[in-house]
Every structure is written in C-alpha cells, then in structure tokens.
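If you count by this note's numbering, then the sequence shown holds residues 3 to 172, one letter each, in order. We treat Cβ as the ideally placed atom computed from N, Cα and C, and that holds for glycine. Encoded as structure tokens, the structure appears first; notes follow it.
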Amino acid sequence: MLDKKVAELINTQINKEFYSAYLYLHFSNYYTEHGLNGFANWYNIQAQEERDHAMLMMQYMQNNDAPVTLEGIDKPQAELNNNMDPLRAGLEHECYVTSLINTIYEAAYNVKDFRTMQFLDWFVKEQGEEETNAGDLIKKMELFGSDPKSLYMLDQEMGARVYTAPSLVL
Ligand code: FEO
Numbered sequence: 003m004l005d006k007k008v009a010e011l012i013n014t015q016i017n018k019e020f021y022s023a024y025l026y027l028h029f030s031n032y033y034t035e036h037g038l039n040g041f042a043n044w045y046n047i048q049a050q051e052e053r054d055h056a057m058l059m060m061q062y063m064q065n066n067d068a069p070v071t072l073e074g075i076d077k078p079q080a081e082l083n084n085n086m087d088p089l090r091a092g093l094e095h096e097c098y099v100t101s102l103i104n105t106i107y108e109a110a111y112n113v114k115d116f117r118t119m120q121f122l123d124w125f126v127k128e129q130g131e132e133e134t135n136a137g138d139l140i141k142k143m144e145l146f147g148s149d150p151k152s153l154y155m156l157d158q159e160m161g162a163r164v165y166t167a168p169s170l171v172l
C-alpha cells in the first residue's frame, strides 16, 4: 500500500505529465505554423515522452493497488510570439516539473517508502537530462537563430530526432 500523501502526489503528477504533453504539442503547433518542421518534430517527440511519463506513473500506481483518478487537462499556458518563446517556456516548465518530482521524492523519503524512491530515481535523472536539453536549445537558438541559413540547419538537426521508448521497465 502506498502512503496516502505519496499516492496523491503521484496521481497529481500523472495529470501534470499529460499537461506537459499538451504544452509541448502547443509548441509543436507554433513551429509548424511558422515553417520550422524540425522544431515541430522535436516537440512532438517531447510530447510523446511526457505521455510515457504519465503512463509509467499510472502503471506504478496500479502495480501498487492505488486507484488512479484522471482530472481535466488545463489549456497550455504559454504565449508564443517568436521562435525563442517555446524554448524558454520549455526550460521554465522542466524546472517546475523537477521541483514537483522532488516534492514527491521528499514525501516518499519522509515515510521511508524506498520502493517509490527507487521508482522516482529514473525521473530525477530524466529531469536532469530534460533541463540540459532545454538549456542547450536556448543556447543554440541564441547563437544561430537570427541567421536564416543557420536556423535552417538547426531545424534539420531537430528534425532528425527520433522517438525512443523510455528505458524504465516496471
Ligand atoms: Fe515528464 Fe519533461 O518531464
């Protein structure tokens, strides 16, 4: 049995992960509308990964006989006025998600729920990678975004990203 507070936090996080997918689809739509299909591809894959995160958390709850309650997903909150806006909003969002994962970890730690801590270890690592990737994209856009040829190359690079299923097996 999962601790009530830990279960509540994971249940809420499921919604947050689906929201993350929604937010990244919003970014993908922005780039599609502005002719940057590589960036759109990158965020489509990002959205798939977020859905994977939600599914892993659902599976974890179910493996531990904890009921899952799905809530409504909020409208994506990010005003996108230029090619940099999604990237900055993405980094800010990932930092927020890291803080949420840390809060669940802390709740699990407080009740000596080592199983949940071990489950969350993968997410802690994943958040580190997501923040690094989001920060790298901002640096690249700062360096190359104002030059059309370089932006084209960067878009090609983003378009080469392929989806891979998460390495975490439950
Ligand atoms: Fe599920 Fe991007 O964190």
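- Taking 8 Å as the upper bound for CB-CB distance, Ile75 and Phe20 are in contact here, some 5 Å apart.
- Per DSSP, the unbroken alpha helix (DSSP H) holding Ile16 starts and ends at Lys6 to Glu35.
- Residue side-chain check: Glu19 places its Cβ nearer than 7 Å to a non-hydrogen atom of ligand 1.
- With respect to Gly161, Asn84 sits apart: the two C-beta atoms are not nearer than 8 Å.
- Look at Ala68 here: in three-state DSSP terms it is coil, with no helix or strand label.
- If the five residues before and after Ile16 are omitted, its C-beta is found closer than 8 Å to the C-beta atoms of Ala56, Met59, Met60, Met63, Val70 and Leu72, all from its own chain and listed in chain order.
- Residue burial is scored here from C-beta neighbours: Pro150 has fewer than 16 other C-beta atoms within 10 angstroms and is therefore classed as exposed.
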